[in-house]
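Colleague:
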Amino acid sequence: MHLLPLPAFDDNYIWLLRDAAGRALVVDPGDAAPVLAALGDGPPPHAILLTHHHGDHVGGVPALLARWPCTPVFAPADERIGTASQRVADDEEVAVGPWRFRVLAVPGHTRTHVSYYGEGLLFCGDTLFSLGCGRMFEGTAAQMHASLARLAALPGDTRVCCAHEYTLANAAFALAVDPDNPPLRARADEIRRLRATGQPTLPTRLGEERACNPFLRCAEPAVHAAAQRHAGRPLASGTEVFGVLRAWKDGFRT
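Shown next, in the form of structure tokens:
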């Protein structure tokens with residue numbers, strides 16, 4: 305199989321997974337144009353997977369269905385996603401062409417956000433980013449912290465397919481939180497090299513995220529201590545640490 309991040313808008317990625325015959329799986333197509341250009345006159349996609357309802361993830365679906373009307377569209381049970389043909393729920397298995405994916409409910413960024421895990425891949429939308437995580441538009445810190453912990457428990461060699469190229473900015477924040485972390489410093493150097501030559505920083509490996517991403521390291525003493533210093537008060541739990549980190553990141557400027 306061939307995995308490709310298609311750039312869209314300012315910083316989105318639409319993920320394209322192709323099988324040996326050239327048929328594709330499309331994940332979170334906020335814009336149809338990059339998908340239509342990539343697939344050309346080839347065979348129709350196996351399916352479209354949607355992680356949540358935001359327009360930069362679903363906006364291209366109507367045009368793709370106009371081109372390939374019979375394409376299945378898998379999406380969470382959310383009335384705001386009107387193009388879905390098949391609704392998915394937590395722990396269900398989705399069969400797409402030659403691939404199988406497990407649906408993981410990961411509320412926090414939105415209340416119905418899901419991820420798709422299988423074939424060594426994690427399509428996580430806006431829940432987990434490389435060296436970061438999504439904003440909490442509809443969920444609580446407890447929900448988002450639990451969702452990230454669920455994703456972090458997957459195998460370390462899982463390729464993490466995030467939906468935005470935020471890694472360079474996330475690295476600056478991660479270094480502000482955890483500056484004495486050698487794997488993080490090495491990852492930040494690699495990210496700078498990649499972006500300087502216009503290359504994507506994704507997919508990343510989950511094991512690397514566990515070593516570097518402060519939002520997955522709330523129980524680590526250095527991250528806990530940094531969050532307490534920023535908050536100016538003791539923090540009794542990982543959820544509290546996470547909440548402070550997320551609020552800190554919301555206002556962080558390099």
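Whatever position you read off the sequence shown (first residue = 1), add 304 for my numbering.
Note that CB positions come from ideal geometry on N, CA and C, so glycine has one too.
Every value quoted in this text rests on a predicted model; they were computed, and no experiment measured them.
Is V410 helix, strand or coil by DSSP?
Modeller: Correct three-state label for V410: coil.
Colleague: I'd like the list of long-range same chain contacts for A367, defined as Cβ closer than 7 Å, with 5 residues on each side in sequence excluded.
Modeller: So the list reads A336, once near-sequence residues are dropped.
Colleague: Just how far apart, CA to CA, sit H306 and Q390?
Modeller: Distance between the alpha carbons of H306 and Q390: 25 Å.
Colleague: According to the neighbour-count rule (16 or more other Cβ atoms, all chains shown, within 10 Å of its Cβ), is L452 buried or exposed?
Modeller: Buried.
Colleague: Is G436 helix, strand or coil by DSSP?
Modeller: Strand, per DSSP.
Colleague: Going by beta carbon distance, what residues of the same chain come within less than 7 Å of L363, once the five residues before and after it are set aside?
Modeller: Checking the sequence shown, residue 363 turns out to be Gly, not Leu. Within the same chain, G363 has close Cβ partners G334, D335.
Colleague: Quick check on the burial criterion: 16 or more other C-beta atoms within 10 angstroms. Buried or exposed for G536?
Modeller: G536 comes out exposed.
Colleague: Is R491 helix, strand or coil when you go by DSSP?
Modeller: DSSP places R491 in helix when its eight states are reduced to three.
Colleague: Are the CB atoms of V527 and P518 nearer to each other than 8 Å?
Modeller: Their beta carbons are under 8 Å apart, which means V527 touches P518 by this criterion.
Colleague: Reducing DSSP to helix, strand and coil, say where C374 ends up.
Modeller: C374 falls in the coil class under three-state DSSP.
Colleague: Between F427 and Y470, is the Cβ-Cβ spacing less than 8 Å?
Modeller: Not a contact, by the Cβ cut-off of 8 Å.
Colleague: Quick check on the DSSP output: the alpha helix (DSSP H) that includes G547 runs from which residue to which?
Modeller: 542 to 554 is the extent of the alpha helix (DSSP H) around G547.
Colleague: Which class does F405 belong to by DSSP, given the choice of helix, strand or coil?
Modeller: Reduced to three states, the DSSP call for F405 is strand.
Colleague: First and last residue of the beta strand (DSSP E) that includes P311?
Modeller: Run containing P311: 306 to 312, per the beta strand (DSSP E) assignment.
Colleague: Check whether the region 339 to 359 and the region 374 to 392 are in contact - that is, three or more C-beta pairs closer than 8 Å.
Modeller: Output reads yes: the region 374 to 392 touches the region 339 to 359.
Colleague: Could you say if the region 325 to 332 and the region 399 to 406 meet the contact criterion of at least three C-beta pairs nearer than 8 Å?
Modeller: They touch, by the three-pair rule.
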